[in-house]
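Heads up: the sequence lines are chains G and P, in that order. Taking the numbering used here, the leading residue of the first sequence gets 17, the next gets one more, and so forth. Taking the numbering used here, the leading residue of the second sequence gets 6, the next gets one more, and so forth.
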Amino acid sequence: MTSSPSSPVQFDHPLNVIVATDCGSTTTKAILIEKVGEEYRQTYRGEAPTTVEAPFEDVTRGVLNAIAEIEELSGRKILDGEKIVTPNRAGQGDPMTGVDIYISTSSAGGGLQMMVTGVVQSMTGESAQRAALGAGAIVIDVLASNDGRLPHEKIERIRSMRPDMILMSGGTDGGAVTHVVEMAEYVSAAEPRPRFGATYKLPLIFAGNKDARPQVQRILGEKAALEITDNIRPVLEKENLAPARDKIHDLFLEHVMQQAPGYRKLMEMTGAPIMPTPAAVGVIMETIAKREGLNLIGVDIGGATTDVFSIFKGVFNRTVSANLGMSYSISNVLAEAGLPNIMRWVPFTIDEQTIRNRIKNKMIRPTTIPQTLDELQIEQAIAREALRLALIHHKSLASGLKGVQQERTISDMFEQQASGKTLIDMLQLDLIVGSGGILSHAPRRIQSMLMMVDAYEPLGVTALSVDSIFMMPHLGVLSTINEKAATDVFVRDCMIYLGTCIAPIGQGKDGEVSASYEIVFPDGKTVRDRLRFGDLTLYPLEPGKSATITVEPAKHVNAGAGIGVTLTRKVQGGVVGLLLDGRGRPLQLAEEQGARIASLKKWFDAVGLYPAAS
Amino acid sequence: MAHSYTPGLTVTDRTVIRRRRLLPLAGEVLVHAGGNVRCDQAVARAQLPGKVYPVNLANQLSVAPGEIKEYLVKREGEAVQKDEILAENKPLIKWFKTEIRSPVAGTIESVSSVTGQVLLREPPRILDLLAYVDGAIAEVIPHQGVVVEADCALVQGIFGIGGETWGEIIVAVGSPDEPLLPAHLTAAVKGKIVVGGSFLSSGTMAKAKEIGVAGLVVGGIHDKDLRELLGYDLGVAITGTEQVGFTLILTEGFGAIPMAAKTFNLLSAHVGQRAAISGATQIRAGVIRPEIVVPYRGSAVTAAGRGHQREGVRLGDSVRIIRDPFFGRISEVSALPHDLRKIPTESEVRVLEVKFSDGTRAVVPRSNIEVIEGA
Numbered sequence: 017m018t019s020s021p022s023s024p025v026q027f028d029h030p031l032n033v034i035v036a037t038d039c040g041s042t043t044t045k046a047i048l049i050e051k052v053g054e055e056y057r058q059t060y061r062g063e064a065p066t067t068v069e070a071p072f073e074d075v076t077r078g079v080l081n082a083i084a085e086i087e088e089l090s091g092r093k094i095l096d097g098e099k100i101v102t103p104n105r106a107g108q109g110d111p112m113t114g115v116d117i118y119i120s121t122s123s124a125g126g127g128l129q130m131m132v133t134g135v136v137q138s139m140t141g142e143s144a145q146r147a148a149l150g151a152g153a154i155v156i157d158v159l160a161s162n163d164g165r166l167p168h169e170k171i172e173r174i175r176s177m178r179p180d181m182i183l184m185s186g187g188t189d190g191g192a193v194t195h196v197v198e199m200a201e202y203v204s205a206a207e208p209r210p211r212f213g214a215t216y217k218l219p220l221i222f223a224g225n226k227d228a229r230p231q232v233q234r235i236l237g238e239k240a241a242l243e244i245t246d247n248i249r250p251v252l253e254k255e256n257l258a259p260a261r262d263k264i265h266d267l268f269l270e271h272v273m274q275q276a277p278g279y280r281k282l283m284e285m286t287g288a289p290i291m292p293t294p295a296a297v298g299v300i301m302e303t304i305a306k307r308e309g310l311n312l313i314g315v316d317i318g319g320a321t322t323d324v325f326s327i328f329k330g331v332f333n334r335t336v337s338a339n340l341g342m343s344y345s346i347s348n349v350l351a352e353a354g355l356p357n358i359m360r361w362v363p364f365t366i367d368e369q370t371i372r373n374r375i376k377n378k379m380i381r382p383t384t385i386p387q388t389l390d391e392l393q394i395e396q397a398i399a400r401e402a403l404r405l406a407l408i409h410h411k412s413l414a415s416g417l418k419g420v421q422q423e424r425t426i427s428d429m430f431e432q433q434a435s436g437k438t439l440i441d442m443l444q445l446d447l448i449v450g451s452g453g454i455l456s457h458a459p460r461r462i463q464s465m466l467m468m469v470d471a472y473e474p475l476g477v478t479a480l481s482v483d484s485i486f487m488m489p490h491l492g493v494l495s496t497i498n499e500k501a502a503t504d505v506f507v508r509d510c511m512i513y514l515g516t517c518i519a520p521i522g523q524g525k526d527g528e529v530s531a532s533y534e535i536v537f538p539d540g541k542t543v544r545d546r547l548r549f550g551d552l553t554l555y556p557l558e559p560g561k562s563a564t565i566t567v568e569p570a571k572h573v574n575a576g577a578g579i580g581v582t583l584t585r586k587v588q589g590g591v592v593g594l595l596l597d598g599r600g601r602p603l604q605l606a607e608e609q610g611a612r613i614a615s616l617k618k619w620f621d622a623v624g625l626y627p628a629a630s
Numbered sequence: 006m007a008h009s010y011t012p013g014l015t016v017t018d019r020t021v022i023r024r025r026r027l028l029p030l031a032g033e034v035l036v037h038a039g040g041n042v043r044c045d046q047a048v049a050r051a052q053l054p055g056k057v058y059p060v061n062l063a064n065q066l067s068v069a070p071g072e073i074k075e076y077l078v079k080r081e082g083e084a085v086q087k088d089e090i091l092a093e094n095k096p097l098i099k100w101f102k103t104e105i106r107s108p109v110a111g112t113i114e115s116v117s118s119v120t121g122q123v124l125l126r127e128p129p130r131i132l133d134l135l136a137y138v139d140g141a142i143a144e145v146i147p148h149q150g151v152v153v154e155a156d157c158a159l160v161q162g163i164f165g166i167g168g169e170t171w172g173e174i175i176v177a178v179g180s181p182d183e184p185l186l187p188a189h190l191t192a193a194v195k196g197k198i199v200v201g202g203s204f205l206s207s208g209t210m211a212k213a214k215e216i217g218v219a220g221l222v223v224g225g226i227h228d229k230d231l232r233e234l235l236g237y238d239l240g241v242a243i244t245g246t247e248q249v250g251f252t253l254i255l256t257e258g259f260g261a262i263p264m265a266a267k268t269f270n271l272l273s274a275h276v277g278q279r280a281a282i283s284g285a286t287q288i289r290a291g292v293i294r295p296e297i298v299v300p301y302r303g304s305a306v307t308a309a310g311r312g313h314q315r316e317g318v319r320l321g322d323s324v325r326i327i328r329d330p331f332f333g334r335i336s337e338v339s340a341l342p343h344d345l346r347k348i349p350t351e352s353e354v355r356v357l358e359v360k361f362s363d364g365t366r367a368v369v370p371r372s373n374i375e376v377i378e379g380a
């Protein structure tokens, strides 16, 4: 498939049977989607190790192996040797042969790695970063004229990096030319070498001041595979990221993917352009948020990176914390969070040397799984810290545009609200979606729910869900060719609704009343009780069911409607249910170890977090 | 037919390896296909472009960028010495004279009348790419490098620090479960590759550096000692460029873990022979394992093959358990149940049963073992 994401794909046959893969760094995951009646359902899945490394060095091997697993489980013939049979033969009376389309996403080989440049770090530098992140890239570095590095340091930095692609921006249209051209001169002098070898021209996108285009063309036109596109910041008040994002996708397919082993073959096999995995996950989250009118935070915590997506009031943002993950980067989580922050979530003591060794052993043997309960508890503690740190990073970048002139009244000046405030308002958050092995494959769903609640500290009323088997990338790329199929499967098969967390904001002594509440369940049963500070309480409420909760907070507590104001809300159930979190916001754990462990054990018992110790 | 392939570490007495030796940028290949090479012989050479120094003449002379050409003493493409005058103004009063001197020796690469800056480039640096292993040149890749092929014994480790080096193998302990102590390192091990047993501490590392050991190979170390060695907490397993005084390879993992008997015995069998060693490790996106390569001299290199591709784990396989609670223990696969089993975490996973040398058995998730590969 060689058409670009910016031009839609046309089909001459109905799409009733779809096979989709995601080629990850470690595993290739395949799913089968079939139209059942009027709706689309995910029916089977298969998995196989990704084969970009020696001895295979051909990503299609892993793809064929994963699809072969689906063939075995479903009884459907999909492969004819190494070819995928399309379209489905239902029209010829053989509905169990063939599929109507094969699509794929990829993050194999470490994904798309980019370097971006701008003139002012907090303005065009940040916009360029958002454009690259939104396209699914990992941003290795952000260079700006005012980033504090000396010119020769900037040049050395560009030289020593091995990006797949560079995005240059800077200058509003009609604005600064000198600094933009200066940066182009540095890039030209540095002669950046891409990851894939000496004979490959580095793709470089210029999305800055249009007045600087002739100079940039002259300086970089011969040295790089230069593409010019619309300014991402044409005026300070406006960001225009879509043209640059589309160009990144096109160049990703045309240049980067061509170099990775077997990708040329893979591109010929697919019926739609291959997307970078995080871009696809972002697309499906954005689709769902817009469809349901939700403010949403999504997180995908993988082995090497943690991607955070947010949609607040329709504004989409994505960040990737390339240094936070559960296997390859697990030691980074330890380095960034510090051992005390990890151990505060663990209900036992363990000496520092032992736990450091265990974490390093997971780093060098990333495909292992916890076998004992204490190992699971340690991993889930580390996950809490990775999630927490990734959200902090996300909040700083998912912000209003900086450098925008604001009209101020006298009272504004006293409030000192700078431009660039974070868009992430936890009180307005409707839904948290979790994805990634540690969340999707937790032995008990309450573990996934509590990891996200502890890390994100949602305020007021917030629903939570997880991706059941990591199929969001598949649905993201599917949504580009058939939105109904993608959203059907997302709602019916992908999302496992965990339930709703109700967390009043405020602090108090353990045992003090935080709020009184009444829950009316769908069968008419009513529960009235008090939520005390330090308590965690769980009420089962099935998926698809809803209840009505009325929360009357204590005078100094905010249940979500204002301090001291009673809140009444319809809340959704899930496989876990309703979690009433009286531990206070912000969440504070006891300093003293004995007290902290006692609290943890009390909460774990209250919600049935782990099996009882034998 | 789909199958899972979980590659383990290779520990073999005889194999043929091929190592691609590529320059970071186009250069000259110095050897021919079929020729024999030594590990420390240059096989290719490139000129690394010198560092670039920008000098903003417009700012320094307080003139507009478009005017700097009028003040230049040197032209684009000309050589310049350190402190030589690049540009100067010609004021009526000499006291107001400004001379801009070059901060480095090099060449004037470009002059920009848009930014007012001059880019100076230092002379190129010669980079010699060495063969790394004693072997034969199997392939020449014009302007880029070669493929070196070697008939050798190969030991892969799980984690390493430091780059490529060479030395004679010496085994300093009596058994694979004995720790390597500072007392084991005498002046006789200078420049050698020292094989220890289960463990070495920061004290042993310090002694190794002092003596000038080329490489250290042990079962395990403590993470805190690694932190002390590097001076920082290692975040991701991408190594090979550290300069700590020696190359270090762990064969088992982190902690005090006896070296696998097979590994210890193989290295012991090659005492006194010269080996090439590399600590470079990369766990993802292009897996690289630290290794010890002991070439066989005088033997004809057989046709290079990729080696036998095993099809997953089999009964009777020797495996290393790579996760607690049995971390580091070597055992034999005694059963391969098909169905998923519930483990103490309550996860339902594919498992296997292993038998230890003392006859006891255990059930372990399949993802928590590593096959010990090689003949």
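Idealized CB from N, CA, C, for every residue including glycine.
Spatial distance of residue i from residue j (CA atoms)
| i | j | result |
| --- | --- | --- |
| residue 403(G) | residue 85(G) | 33 Å |
| residue 28(G) | residue 396(G) | 48 Å |
| residue 218(G) | residue 271(G) | 8 Å |
| residue 454(G) | residue 177(P) | 43 Å |
| residue 398(G) | residue 352(G) | 11 Å |
| residue 88(G) | residue 189(G) | 57 Å |
| residue 25(P) | residue 136(P) | 9 Å |
| residue 246(P) | residue 70(P) | 41 Å |
| residue 602(G) | residue 334(G) | 24 Å |
| residue 96(G) | residue 35(G) | 14 Å |
Spatial neighbours of residue i in its chain, beta-carbon cut-off 6 Å, leaving aside the 5 residues before and after
| i | result |
| --- | --- |
| residue 126(P) | 55, 57, 111, 112, 114 |
| residue 590(G) | 513, 514, 515, 559 |
Backbone secondary structure at residue i - three-state DSSP
| i | result |
| --- | --- |
| residue 234(G) | helix |
| residue 361(G) | coil |
| residue 201(G) | helix |
| residue 146(P) | strand |
| residue 472(G) | helix |
| residue 226(P) | strand |
Chain G contact for residue i (CB, 8 Å cutoff)
| i | result |
| --- | --- |
| residue 348(P) | yes |
| residue 288(P) | yes |
| residue 229(P) | yes |
| residue 137(P) | no |
| residue 301(P) | no |
| residue 196(P) | no |
Heavy atom of the ligand PLP within 7 Å of residue i beta-carbon
| i | result |
| --- | --- |
| residue 229(P) | As presented, the structure is devoid of all ligands, the ligand PLP included, so that no description of it is given. |
Residue(s) in a DSSP beta bridge with residue i
| i | result |
| --- | --- |
| residue 52(P) | 131(P) |
| residue 100(P) | Paired residue(s): none; residue 100(P) is not in a bridge. |
| residue 547(G) | 531(G) |
Any chain P beta carbon closer than 8 Å to residue i
| i | result |
| --- | --- |
| residue 379(G) | yes |
| residue 410(G) | no |
| residue 168(G) | yes |
| residue 627(G) | yes |
| residue 385(G) | yes |
| residue 358(G) | no |
Spatial neighbours of residue i in its chain, beta-carbon cut-off 7 Å, leaving aside the 5 residues before and after
| i | result |
| --- | --- |
| residue 556(G) | 593 |
Close Cβ partners of residue i (< 8 Å) along its chain, the five nearest in sequence each way excluded
| i | result |
| --- | --- |
| residue 257(G) | 143, 146, 147, 150, 248 |
| residue 564(G) | 535, 536, 584, 585, 586, 587 |
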